[in-house]
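So the sequence shown is numbered by the working numbering: it starts at 167 and just counts up by one.
One structure is given here, and the rest of the page talks about it.
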Amino acid sequence: MPDVLRPRALAPGDLVAVAAPAGPLEADAVPLLERGVAMLTAMGFRVRRTPLAEPGRRRWWAAAGPEAQAEEFNRLLRDPEVRAIVAHTGGQAVAGWLDRLDVDAVRADPKPVLGCSDVSLLLLALHARTGLAGLHGDMATYGLGGSWHGAADDGGAATTAATLTGLYRRALTDPAVPLGPLPGLRASGGWECWRPGRASGPLVGGLLGRLVALQATPYALPAERFDGAVLFWEEVERPLSAVWQDLHLLRMSGVFDRIAGLVVGVPHRVTATGCADDAPAPSLREVVLDVLGDRPLPVLGQVDLGHAGPNLPLPLGIRATVDATVRALSLDEPAVTPR
Numbered sequence: 167m168p169d170v171l172r173p174r175a176l177a178p179g180d181l182v183a184v185a186a187p188a189g190p191l192e193a194d195a196v197p198l199l200e201r202g203v204a205m206l207t208a209m210g211f212r213v214r215r216t217p218l219a220e221p222g223r224r225r226w227w228a229a230a231g232p233e234a235q236a237e238e239f240n241r242l243l244r245d246p247e248v249r250a251i252v253a254h255t256g257g258q259a260v261a262g263w264l265d266r267l268d269v270d271a272v273r274a275d276p277k278p279v280l281g282c283s284d285v286s287l288l289l290l291a292l293h294a295r296t297g298l299a300g301l302h303g304d305m306a307t308y309g310l311g312g313s314w315h316g317a318a319d320d321g322g323a324a325t326t327a328a329t330l331t332g333l334y335r336r337a338l339t340d341p342a343v344p345l346g347p348l349p350g351l352r353a354s355g356g357w358e359c360w361r362p363g364r365a366s367g368p369l370v371g372g373l374l375g376r377l378v379a380l381q382a383t384p385y386a387l388p389a390e391r392f393d394g395a396v397l398f399w400e401e402v403e404r405p406l407s408a409v410w411q412d413l414h415l416l417r418m419s420g421v422f423d424r425i426a427g428l429v430v431g432v433p434h435r436v437t438a439t440g441c442a443d444d445a446p447a448p449s450l451r452e453v454v455l456d457v458l459g460d461r462p463l464p465v466l467g468q469v470d471l472g473h474a475g476p477n478l479p480l481p482l483g484i485r486a487t488v489d490a491t492v493r494a495l496s497l498d499e500p501a502v503t504p505r
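Next comes the structure, spelled out in structure tokens:
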């Protein structure tokens with residue numbers, strides 16, 4: 167199992183590539199992407215959109231065919247001028263070209279890769295093969311250009327894009343000081359203690375369905391990656407019964423007997439279907455605790471990660487502390503290494 171591979175820290179003026187490893191850029195999303203590029207520029211970086219992150223590039227549900235997407239992404243990995251890669255959006259395409267990843271290029275020049283949703287499959291595969299501490303976080307179009315501008319913090323005041331800009335800039339550029347305690351971002355409802363307790367360990371996680379699917383491929387995370395880990399996940403547009411099933415698959419594979427703590431994101435369009443008409447539908451909390459049984463794991467729920475709003479930056483493999491009792495999550499190590 168490879169050691170955790172921290173990417174090299176960015177400096178002001180470094181080049182960030184906005185790429186399309188998953189879905190295409192829809193015409194009506196162009197203004198959002200332009201605003202996302204402006205946010206990256208506000209962090210002090212130069213930004214370049216790749217050819218596949220332009221409107222009109224499309225094959226079925228992807229920005230291009232698997233060969234073309236792999237070629238573009240690998241070219242970015244090999245380009246010494248490109249110091250970070252930010253996905254513009256998610257979708258359904260990453261699984262088509264995982265087997266074409268140039269993992270040697272990652273080992274030779276580790277650089278931050280940012281994204282979530284379908285892109286979490288890419289982050290997890292890179293982490294499994296190389297140890298890369300990819301950054302599970304918002305993407306350029308619907309995150310930096312979208313949800314960043316409508317968020318609210320726990321106190322009810324509008325969370326400015328500058329706050330999130332500061333968090334991401336520090337995660338990408340500071341090799342000396344960890345981010346420490348992460349802030350809540352929503353005015354309506356905060357983080358919830360689903361099972362009390364405190365634990366520290368390396369972060370691992372992503373979109374639940376993609377995590378489970380990855381474990382059936384040669385890019386599966388080794389079982390040891392879960393030892394003492396803080397597992398985080400979110401889900402979108404699936405029935406609770408499917409979430410319940412995926413969690414049981416993780417249980418049967420021994421994941422919940424290995425991890426130290428659990429962080430659950432805000433569900434988005436996760437519905438309780440299939441229950442009897444006269445039976446109360448379970449909540450996501452009830453489903454999670456049902457699968458965990460009597461395992462004494464701290465569980466922090468409704469955390470700001472996923473499709474329901476802005477994402478906190480969560481670097482894979484970086485040590486974090488979850489204290490569900492006091493509803494807190496802290497990053498204990500820097501996500502990047504000195505240049």
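Note that CB positions come from ideal geometry on N, CA and C, so glycine has one too.
All values reported here derive from a predicted model rather than from experimental measurement.
- For Arg336, the enclosing alpha helix (DSSP H) has its first and last residue at 327 to 339.
- Between the alpha carbons of Thr255 and Gly475 lies a distance of about 14 Å.
- Secondary structure of Thr503 (DSSP, three-state): strand.
- The beta carbons of Pro278 and Leu301 sit closer together than 8 Å.
- Contact between Gly472 and Leu369 fails: their C-beta atoms lie close to 15 Å from each other, not under 8 Å.
- Annotated three-state conformation of Trp410 is helix, per DSSP.
- Secondary structure remark: continuous alpha helix (DSSP H) runs of at least 4 residues inside the stretch 419 to 446, in chain order: 421 to 424.
- At least 8 Å separates the beta-carbon of Val196 from that of Val203.
- When beta bridges are read from the DSSP output, His302 appears opposite Gly281, Leu480.
- In the DSSP secondary-structure assignment, Gly367 is bridged to Ala486.
- Annotation: Ala193 is outside any alpha helix (DSSP H) and is labelled neither H nor E by DSSP.
- Using a C-beta cut-off of 8 Å, the stretch 411 to 425 makes contact with the stretch 455 to 473, since at least three inter-stretch Cβ pairs fall below that distance.
- Here the stretch 245 to 265 makes contact with the stretch 215 to 235; the two share three or more CB pairs at distances below 8 Å.
- Beta-bridge annotation (DSSP): Pro405 is paired with Thr437.
- Taken atom to atom, the span from the alpha-carbon of Arg295 to that of Met167 is near 8 Å.
- Closest in C-alpha terms to Arg244, from the list Ala219, Ala271, Ala253, comes Ala271.
- Judged by DSSP secondary structure, Glu233 falls outside any beta strand (DSSP E) and instead within the alpha helix (DSSP H) spanning 232 to 244.
- Taking C-beta atoms under 8 Å as the contact rule, Arg172 and Val502 qualify, at a distance of about 6 Å.
- Taking a contact as a CB-CB distance under 8 Å, the pair Leu288 and Gly281 counts as one, their CB atoms being some 7 Å apart.
- For Glu452, no beta strand (DSSP E) segment is defined; the enclosing uninterrupted segment is the alpha helix (DSSP H) at 450 to 458.
- Residue burial is scored here from C-beta neighbours: Glu238 has at least 16 other C-beta atoms within 10 angstroms and is therefore classed as buried.
- The C-beta of Glu400 has 16 or more other C-beta atoms within 10 Å across all chains shown, which makes the residue buried.
- Here Ala186 has Leu218, Ala219, Ala229, His254 as same chain residues with Cβ atoms under 6 Å from its own Cβ, once five neighbours each way along the sequence are excluded.
- Of the candidates Pro344, Asp284, Tyr385, Asp284 places its Cα closest to the Cα of Leu374.
- Judged by DSSP secondary structure, Leu181 falls within the beta strand (DSSP E) whose first and last residues are 181 to 185.
- Within the DSSP bridge table, the entry for Trp399 names Gly372, Val430 as partners.
- Per DSSP, reduced to three states, the secondary structure at Arg493 is coil, with no helix or strand assignment.
- Between the C-alpha atoms of Gln235 and Gly303 there is a straight-line separation of about 21 Å.
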